[in-house]
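Structure first, then comments.
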Amino acid sequence: MPEPKTLSGEPGGFTTLLRAALPVVPGVNQLPGVRKGPASAFTGLSYARRGVVAERARVDAYAAVCGFPRKDVVPLTYPHMLAFPLHMAIMSDPAFPYPAIGMVHVENAITAHRAIAIGESLDVTTSVGAPRPHAKGVLLDFVTTVAGEDGTAWESTSTYLRRGRTVDGEVAPGLSIPDAPTGGVEWRLPADLGRTYAAVSGDANPIHLYPLTAKALGFPRQIAHGMWTKARSVAAIENRLPSAVTVEVAFKKPVFLPGTVAFAARQDDDGWTFALTSPKDGSPHLMGRTR
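Under UniProt numbering, the first residue of the sequence shown is numbered 1, with each subsequent residue one higher.
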């Protein structure tokens, strides 16, 4: 893996969205600085942010949208907000062989080694290696570490699917939770949830914003962010989790907005198993477990 490139300044905004969109524009996608390199030549890429601070106002805004209580430590899923600009920087880099538009977040695993205090200075690094095979294309694992003065405090792996041509190798099984619970408490999700979450996360993918922008990318109307569904699910059992914990989820069917979902959780011997499902037929939107 090469040395991380440093992402400085305030990330996000219109420039980031433009860089993500240009590689799918015919003609423009062949220009120097936009044209993507061949997938066969890609071995890895890494970006880092140094001295990032989890600011009180931003943490509180995120917690309010996702259902976490206000505390002096960040919610378990919040460090993903610090890493997301690095995900976008990697996907927008000409060396990364796939356009950001069309990347589908299919799995996410978070390991917290300790609580992270609001106001703490952190170094955030995200790396991605060569693609691995999938039945519908390729998978790319974006691995993030968040470190404080005492070492690594938080880690995650976000697995993205890129549909299309695959690569050589054996297809590994994905996260499977066959006995995940169904039913439970129903949550009614408003039409503007994607816009509200985009405002606190920086993830303004058009599929989450409006019916028109979602339809342009193949969806009948806007869908909820996968990481919001994970965050909201974790928030529902947050007071029963230790500060050092691993939470793994698989994202299944999209949640269309507005809509209603059902959340259920079950305590097992070594943690919790939970799911977000359709109240109509019990089909899963998200399945997860803790340990």
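In this text, a Cβ means the ideal position worked out from N, Cα and C, and glycines have one as well. Keep in mind it's a predicted model, so treat the numbers as computed, not measured.
Give the DSSP bridge partners of Met-287, in chain order.
-> In the sequence shown, the residue the question calls residue 287 occupies position 287. Residue pairing by DSSP puts Met-287 in a beta bridge opposite Ala-250 and Ala-275.
Looking only at its own chain, which residues have a Cβ that is under 7 Å from the Cβ of Val-73, when we skip the five neighbours before and after it?
-> Within the sequence shown, residue 73 is the residue found at index 73, counting from 1. Cβ within range, chain order: Ala-115, Ile-116, Ala-117 and Ile-118.
Nonlocal neighbours in the same chain, by C-beta distance under 8 Å from Val-52, ignoring five residues either side = Mapped onto the sequence shown, residue 52 falls at position 52. So the list reads Leu-82, Ser-121, Leu-122, Asp-123 and Val-124, once near-sequence residues are dropped.
Ordered along the chain, which non-local residues of its own chain (more than five positions away) have a Cβ less than 8 Å from that of Glu-238?
-> In the sequence shown, the residue the question calls residue 238 occupies position 238. Correct list, in chain order: Phe-68, Pro-69, Pro-75 and Leu-76.
Beta-carbon contacts of Thr-144 that lie in its chain and below 6 Å, excluding the five residues immediately before and after | Taking the sequence shown and counting its residues from 1, one reaches residue 144 at position 144. So the list reads Ala-83, Thr-126 and Ser-156, once near-sequence residues are dropped.
Buried or exposed: Arg-50, going by 16 or more other Cβ atoms within 10 Å of its Cβ?
-> On the sequence shown, residue 50 is found 50 positions in, with the first residue counted as 1. Counting Cβ neighbours within 10 Å, Arg-50 comes out exposed, since fewer than 16 surround it.
Label Glu-186 either buried or exposed according to how many other C-beta atoms from any shown protein chain fall within 10 Å of its C-beta, with 16 as the threshold for buried.
-> Within the sequence shown, the letter at position 186 stands for residue 186. With fewer than 16 other Cβ atoms within 10 Å, it is exposed.
Report, in whole angstroms, the separation of the C-beta atoms of Gly-202 and Pro-85, which I expect to be a contact under 8 Å.
-> Reading the sequence shown from its first residue, position 202 is the one you call residue 202. Reading the sequence shown from its first residue, position 85 is the one you call residue 85. Their Cβ separation, rounded to whole angstroms, is 7 Å, which keeps Gly-202 and Pro-85 in contact under 8 Å.
In three-state terms, what does DSSP make of His-113?
-> For this step, residue 113 is matched to residue 113 along the sequence shown. Three-state DSSP puts His-113 in coil, outside helix and strand.
Ser-46 - containing alpha helix (DSSP H), residue span = Here the question's residue 46 lines up with position 46 in the sequence shown. Note, Ser-46: premise wrong, no alpha helix (DSSP H); beta strand (DSSP E) at 44–53.
Got a sec, what are the start and stop residues for the alpha helix (DSSP H) Arg-56 sits in?
-> In the sequence shown, counting from the first residue as 1, residue 56 sits at position 56. Its alpha helix (DSSP H) spans residues 56–66.
Shortest alpha-carbon distance to Gly-102 belongs to which of Leu-161, Asp-270, Asp-93 and Arg-240?
-> Within the sequence shown, numbered from 1, the residue matching residue 102 stands at position 102. For Gly-102, the closest C-alpha among the options Leu-161, Asp-270, Asp-93 and Arg-240 is that of Leu-161.
Alpha carbon to alpha carbon, how far is Leu-45 from Thr-166?
-> Numbered from its first residue, the sequence shown carries residue 45 at position 45. Numbered from its first residue, the sequence shown carries residue 166 at position 166. Straight-line Cα distance between these residues: approximately 19 Å.
Leaving out the 5 sequence neighbours to the left and right, which residues in its chain are closer than 7 Å to residue 318 when beta-carbon positions are compared?
-> Past the edges of the chain, shown from 1 to 291, lies residue 318, and the structure says nothing about it.
Using the beta-carbon count (16 or more within 10 Å), is Glu-248 buried or exposed?
-> In the sequence shown, residue 248 corresponds to position 248, counting from 1. Buried is the call here.
Run through the UniProt domain "MaoC-like" (195–266) for me and flag every whole beta strand (DSSP E) of 3 or more residues, listed as ranges in chain order.
-> Runs of the beta strand (DSSP E) inside the UniProt domain "MaoC-like" (195–266): 245–251.
Please classify Met-97: is it buried, with 16 or more other beta-carbons within 10 angstroms of its beta-carbon, or exposed?
-> What you label residue 97 is simply residue 97 of the sequence shown in a count that begins at 1. According to the sequence as given, residue 97 is Pro; it is not Met. Buried, since its Cβ has 16 or more Cβ neighbours within 10 Å.
Enumerate in chain order the residues of its own chain whose CB-to-CB distance from Pro-4 is below 6 Å, with the five nearest sequence positions on each side excluded.
-> Against the sequence shown, residue 4 aligns to sequence position 4. Short of 6 Å from the beta carbon of Pro-4, and not among the five residues preceding or following it, lie these beta carbons of its own chain, in chain order: Ser-46, Tyr-47, Ala-48 and Thr-125.
Closest by CA to Gly-194, which one among Ala-180, Ala-214 and Pro-178?
-> Residue mapping note: residue 194 aligns to position 194 of the sequence shown, counting from 1. Taking only the C-alpha atoms, the option nearest Gly-194 is Ala-214.
Is the number of C-beta pairs between the region 282–290 and the region 248–257 that are closer than 8 Å three or more?
-> When Cβ pairs closer than 8 Å are counted between the two stretches, the region 282–290 is seen to touch the region 248–257, the count reaching three or more.
Span of the beta strand (DSSP E) holding Ala-147?
-> Position 147 of the sequence shown, counting from 1, holds the residue named residue 147. Annotation for Ala-147: the continuous beta strand (DSSP E) segment containing it runs 137–148.
Using the C-alpha atoms, what's the distance from Met-88 back to Pro-94?
-> The residue given as residue 94 occupies position 94 in the sequence shown. The residue given as residue 88 occupies position 88 in the sequence shown. Taking the straight line joining both Cα atoms gives about 12 Å.
Ala-153, DSSP secondary structure in three states = Against the sequence shown, residue 153 aligns to sequence position 153. Residue state, collapsed to three classes: strand.
Same chain only: Cβ atoms within 6 Å of Ala-57, ignoring 5 sequence neighbours per side = Along the sequence shown, one-based indexing puts residue 57 at 57. Nothing listed; no residue qualifies.
Buried or exposed by the 16-neighbour rule on C-beta atoms within 10 Å, applied to Lys-230 = Walking along the sequence shown from the start, residue 230 turns up at place 230. Lys-230 sits buried, since 16 or more C-beta atoms from the chains shown fall within 10 Å of its C-beta.
Taking the C-alpha atoms as reference points, what is the distance between Leu-7 and Asn-205?
-> Taking the first residue of the sequence shown as position 1, residue 7 is located at position 7. Taking the first residue of the sequence shown as position 1, residue 205 is located at position 205. Rounded to the nearest whole angstrom, the CA to CA distance from Leu-7 to Asn-205 is 20 Å.
Cβ-based neighbour list, Trp-154, same chain, cut-off 6 Å, excluding 5 preceding and 5 following | Against the sequence shown, residue 154 aligns to sequence position 154. Counting only Cβ-Cβ distances below 6 Å, and skipping sequence neighbours, we find Pro-79, Ala-112 and Val-146.
Since Ser-92 is in the alpha helix (DSSP H), which residue starts that stretch and which ends it?
-> The residue you call residue 92 lines up with position 92 of the sequence shown. That run of the alpha helix (DSSP H) goes 79–92.
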